[in-house]
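These notes are about the structure you will find just below.
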Amino acid sequence: MPELPEVEIIRRELLHPLIGERIVDIEIYDNKIQIPSEDILNKVIKDLIRKGKYLFLIFNDFSSLLFHMGMTGSLIYIQAKDNLRFQRVFVTLSAGFIAFCDARRFGKIKYLTENERKKVMQNLGLDPLLSGYSWNNFERLLINKTLPVKNFLMNQAWVSGIGNIYASEILFLSKIHPKKRVNDLTIQEKKLLFDAIPIVLKQAIQCEGTTIRDYQHTDGSSGFFQNCLQVYDREGKPCLACGTPVERIKMAQRSTYFCPFCQKT
DNA sequence: CATTCATCCTGCTGGC
DNA sequence: TGCCAGCAGGATGAAT
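Residue 1452 is where the first sequence starts when you use this note's numbering, and the numbers rise one by one after that.
Right under this line is the structure:
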């Protein structure tokens, strides 16, 4: 579920409540999640950083807890102990509590040493909202790639943070057909794409993320960007630019939306 | 090597 | 009203 904008919103919302907090207790209700409590108990949270769709709680000894929301994960910050729907992990802090809820259980939480975390971060591609996202670096990634541009955008090892919703939205803004092969893109299209990626992601953050079904803020509230979606989830509805019905196709087993008039192959 | 595909899970919706 | 196929913001490893 959450893509880069949603994870960044979670990070910003949790930053102030969590910095300086000590881990008092952790309860795990999902056997897929293994966190040795001796690794994190009594450690103090020093920072909260994000790359792509990953969030890292950094402790005072530079070890960390990795979070990935998968399709349906959410982090809820609450003041009183509770048992929430789909709750998988419950963390007691010196002040407040964090619940990790995840209906579909694709989410991940993992303890990492500093070196392990650095390796995970290195294996993630360019984050469009972090330093390093430059035209030179981006253009280099496109060389010798024959796969469809939508599949390129979804591969976290090249560009990290874009998922199924924002891939369609970015390609609409770039006026590029999702099936167009990367090595068939013109230089102008490559530049449009390079610019469109951070524009769409920043807009989504400003609109507090996209809630279609599961995504929620750390207080359980919804985002607004679903009202601004140009093509995603709009099959058969008129393109907001030209009126042509939006089409839905499957690419790599994922629904893909585009305007057949605005986005030519 | 580059790319595609099946699989991991569970809940919800829409059509019959 | 009830049932069930199909669908869902993702990432992986195996197969091609």
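Ideal placement from N, C-alpha and C gives every residue a C-beta, glycine not left out.
- Put simply, of Val-1571, Gly-1503, Lys-1532, Pro-1649 the residue whose alpha carbon is nearest the alpha carbon of Ile-1461 is Gly-1503.
- 8 Å or more divides the Cβ of Gln-1681 from the Cβ of Thr-1662.
- About 22 Å separates the beta carbons of Ile-1484 and Asp-1498, which is beyond the 8 Å limit, so they are not a contact pair.
- In this chain, Tyr-1584 is not harboured by any beta strand (DSSP E), its DSSP state being neither H nor E.
- The continuous alpha helix (DSSP H) containing Ala-1655 extends over residues 1638-1657.
- With contact defined as three or more Cβ pairs closer than 8 Å, the stretch 1558-1565 and the stretch 1512-1520 are in contact.
- Around Glu-1640, the same chain offers Ile-1627 as residues with beta carbons nearer than 6 Å, after the five sequence neighbours per side are excluded.
- DSSP, reduced to helix, strand and coil, places Cys-1690 outside both helices and strands of the structure shown, so it counts as coil.
- The residue from Ser-1525, Glu-1454, Thr-1716 with its alpha-carbon nearest to that of Asn-1634 is Thr-1716.
- DSSP places His-1467 in the uninterrupted alpha helix (DSSP H) bounded by 1455-1469.
- Taking 8 Å as the upper bound for CB-CB distance, Gly-1674 and Tyr-1666 are in contact here, some 6 Å apart.
- Taking one beta carbon from each stretch, the stretch 1581-1592 and the stretch 1532-1542 have fewer than 3 pairs nearer than 8 Å; the two do not touch.
- Pairing Phe-1623 with Phe-1709 gives a Cβ-Cβ distance under 8 Å.
- The Cβ atoms of Thr-1523 and Asp-1553 lie closer than 8 Å to each other.
- Residue environment: Ala-1655 is assigned as buried (16 or more neighbouring CB atoms within 10 Å of its CB, all protein chains considered).
- Take Glu-1457, set aside five residues on each side of it, and the residues of its chain with a beta-carbon closer than 6 Å to its own are Gly-1660, Tyr-1666, in chain order.
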